[in-house]
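Residue numbers (the working numbering): 26 to 190.
If you want it as structure tokens, here you go:
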């Protein structure tokens, strides 16, 4: 069984059978795209649109159906799942102008904060975070500034009225 659960019974019978056309493989595995998109969306920032994941996943599924070689002994759903997930991640990376190093550093910061708060039972202090990461406070602030600048905000999101109005 793959990471995303079982594929519907007709799709799982594809296995290594060459009796299906590329179009049939796509139709039989649309649910796999949805399942992978939902799985990824739960682990990505809310700014990533599920429809974008579905679109890039469908492109990955079409490519997988055209490139699948049953003689290699792999199950189509397994092969397609890898390609679908890869297409989704490739598309996210392609449209993200923030360097991966910024994401990586920010992930280290959030991990350090979580560890400190778990150990102390209180909010982590700036100097504790910097010390845990073995960086200066200025370097810590730069990481925060870099990651803040990379965030997008929706112009369509409703903003609550200030309490003073």
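We put the CB at the ideal spot given by N, CA and C, even for glycine.
Residue 62 sits close to residue 79, with the two beta carbons spaced by under 8 Å.
Taking a cut-off of 8 Å on C-beta distances, the stretch 122-137 does not touch the stretch 90-106, as fewer than three cross pairs fall below it. Annotation: the continuous alpha helix (DSSP H) that includes residue 104 extends over 101-119.
In the three-state DSSP reduction, residue 141 falls in the helix class (H, G or I). Less than 8 Å separates the beta-carbon of residue 149 from that of residue 142.
DSSP places residue 54 in the coil class of the three-state scheme, outside both helix and strand.
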